[in-house]
Amino acid sequence: MKITEITIRHLKMKLNAPFTTSFGTFTDKDFLLLEAKDEDGTIGWGESVAFHSPWYNEETLQTNWHMLEDFLIPIILNKDLKHPDEVSELFAPIRKNNMAKSTIEGAVWDIYAQQTNQTLASALGGHKNKIEVGISIGIQKSIDDLVLLVDEYVKEGYKRIKVKIKPGWDVDVMRTLREKFLDVAIMADANSAYRLEDAETLKQLDAFDLTMIEQPLASDDIIDHAQLQKMLKTPICLDESIHSVEDARKAVELGSTKIINIKIGRVGGLTEAKKIHDYCEANGIPVWCGGMLESGIGRAHNVALTTLSNFILPGDTAGSSRYWEKDIIEPEVIVENGFIKVPQTAGIGYAVDREAVKSFTAAKKHYK
Ligand SMILES: [Mg+2]
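Residue numbers 47 to 414, in this note's numbering, belong to the letters of the sequence shown in order.
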């Protein structure tokens with residue numbers, strides 16, 4: 047492989063429903079889409095999962111663009127590559143900026159899979175032909191609103207319901223859900239809203255047989271999580287705290303986590319995601335694939351990764367229509383009875399709708 051041209055686009059896509067973060071409420075999602083061209087003409091696609099503002103981690107759309115333009119693209123352009131695993135080695139001297147790194151790496155994996163005439167899933171070593179998916183639901187105006195939503199998704203066949211919690215929207219919410227949905231796999235994601243002093247509140251959640259509680263404590267912590275796990279029956283799952291297979295090893299050895307949520311962007315790409323998967327599999331830690339409101343491109347990468355054998359728990363990869371009026375891939379990702387069929391054409395397996403991409407493009411720059 048030799049990447050000779052790269053195009054970065056800033057896309058602005060209309061969300062089906064407004065999305066609220068600590069920086070405010072958004073009706074569009076802004077993100078970077080990367081198109082890479084090999085010298086033989088093969089085109090690969092990657093998506094940056096960095097948000098417009100730094101509420102999930104320190105990266106943003108603008109910091110990603112800066113890292114790509116000034117550091118990462120110059121490293122990759124016109125370099126001879128035998129395998130996509132070499133990309134993370136080439137990027138190793140640059141600290142963090144994992145989402146920016148992952149954006150190029152994903153496109154290189156797509157090209158590699160096409161050139162070796164296999165699906166991205168099989169290039170990664172995955173064998174499933176369908177994957178089980180769950181849904182993630184934000185904080186609602188009232189518990190009644192939440193119950194109505196959950197009921198809808200359970201009827202659509204989603205295999206796991208994940209609910210965001212925070213202090214004051216936790217024990218009563220989870221109790222009500224458990225009472226109404228006795229047989230449904232339910233989990234809570236706290237996005238670091240608690241401190242170790244809140245352990246008494248979190249212990250009350252043990253009564254509701256939750257599949258896990260995700261990232262209850264600080265986003266950079268693995269010490270307090272180990273203390274908390276000793277006090278809880280419910281398994282803790284780490285998300286924000288894990289950026290590499292080394293982080294995963296330390297957290298598992300300390301007993302800070304019993305499950306890991308793997309997000310490709312957060313860990314710097316598919317190669318590192320696979321390493322975390324393999325480490326967890328060898329150590330009896332189930333994993334699942336988290337979502338970052340991806341467009342079809344990022345969603346396709348998530349689908350492929352989820353075909354690996356230790357993705358035992360349903361992930362956050364919902365269908366395209368959950369977030370978008372119109373997605374940028376064809377066909378769109380469809381969920382049927384809680385499953386997504388893994389596409390069988392080479393590469394990411396979905397065609398890019400160039401007209402849609404064009405209509406959502408707010409800015410664009412070409413590098414060669
Ligand atoms: Mg999370």
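Heads up, the beta-carbon is just placed ideally off N, CA and C, and yes, glycines get one too.
Cβ distance (whole Å) where ILE310 is taken to contact ALA297 below 8 Å | Not confirmed; about 18 Å, so no contact.
Reference GLU202, options LEU251, GLU178, TRP215, THR67, closest by Cα = GLU178
Hey, how far is the Cα of GLY23 from the Cα of ALA294?
-> The structure shown does not extend to residue 23, since the chain is modelled only from 47 to 414, so the question has no answer here.
Curious, which full-length beta strand (DSSP E) runs of at least 3 residues does the region 53-110 contain?
-> 70-84, 89-93
Entirely enclosed beta strand (DSSP E) segments - the region 193-259, minimum 3 residues | 207-210, 232-235
Would the beta-carbon of ILE49 fall within 9 Å of that of LEU127?
-> yes
Relative to the alpha-carbon of LEU192, which residue among TRP101, LYS210, LYS142 has its alpha-carbon at the smallest distance?
-> LYS210
Option in GLU382, LEU57, LEU351, LEU354 with minimal Cα separation from GLY365 | GLU382
Could you please give me the residues that DSSP links to HIS412 through a beta bridge?
-> THR53
Would you check if the region 368-382 and the region 333-353 touch, i.e. whether three or more CB-CB distances between them fall below 8 Å?
-> yes
Where LYS387 sits in the DSSP three-state scheme | strand
For the beta strand (DSSP E) that contains SER265, what are its first and last residues?
-> Segment: none, SER265 is in no beta strand (DSSP E) and carries neither H nor E.
Can you give the Cα-Cα distance for LYS212 and THR247, rounded to whole angstroms?
-> 11 Å
Counting by C-beta, which residues lie closer than 7 Å to a heavy atom of ligand 1, in chain order?
-> ASP235, ASN237, GLU260, GLN261, ASP285, GLU286, ASN307, GLY336
Is HIS56 near LYS75, with beta carbons less than 9 Å apart?
-> no
Could you spell out the range, first to last residue, of the beta strand (DSSP E) harbouring LEU284?
-> 282-284
Cβ-Cβ distance between ILE122 and GLU81 below 9 Å | no
Expressed to the nearest angstrom, what Euclidean distance is found between the alpha-carbon atoms of GLY171 and SER265?
-> 30 Å
CA-to-CA distance, VAL95 to GLU105, given in whole angstroms = 9 Å
Grab the span of the alpha helix (DSSP H) containing LYS404 for me, first residue to last.
-> 400-406
With distances taken from CA atoms, which of LYS387, LEU263, GLN273 is nearest LEU300?
-> GLN273
Within the same chain, show all residues whose beta-carbon is closer than 6 Å to that of ASN348, passing over the 5 residues directly before and after it, in chain order.
-> CYS335, THR363
Per-residue burial, ILE305 [other beta carbons within 10 Å of its own, 16 or more giving buried] = buried
Consult DSSP for ILE394 and reduce its assignment to one of helix, strand or coil.
-> coil
Whole-angstrom distance between LYS226 and ILE150, CA atom to CA atom = 44 Å
Looking at C-alpha atoms only, which residue of ASP229, ALA234, ASP197 is the closest neighbour of TRP215?
-> ALA234
Give the single residue among LEU223, GLN164, ASP190, VAL217 whose Cα lies nearest to the Cα of ALA236.
-> VAL217
Does DSSP put ILE185 in a helix, a strand or coil?
-> coil
Does the region 280-289 come close enough to the region 251-259 that 3 or more CB-CB pairs lie under 8 Å?
-> yes
Sorted by chain position, which residues of the same chain lie with C-beta nearer than 7 Å to ALA159's C-beta, five sequence neighbours on each side aside?
-> THR165, LEU166, ALA169, ALA392, GLY393
Pull up the distance between the alpha-carbon of ASP131 and that of PHE137, whole angstroms please.
-> 11 Å
Per DSSP, VAL179 forms a beta bridge with which residues?
-> GLY361
What do you reckon, are the CB atoms on TRP91 and LEU79 nearer than 9 Å?
-> yes
From what residue to what residue does the alpha helix (DSSP H) around TRP334 run?
-> Taken as a continuous stretch (DSSP letters only), TRP334 belongs to no alpha helix (DSSP H), being part of the beta strand (DSSP E) at 333-335.
Can you tell me the Cα-Cα spacing of ASP84 and PRO100, whole angstroms?
-> 32 Å
Rounded separation between THR109 and HIS323 - CA only | 28 Å
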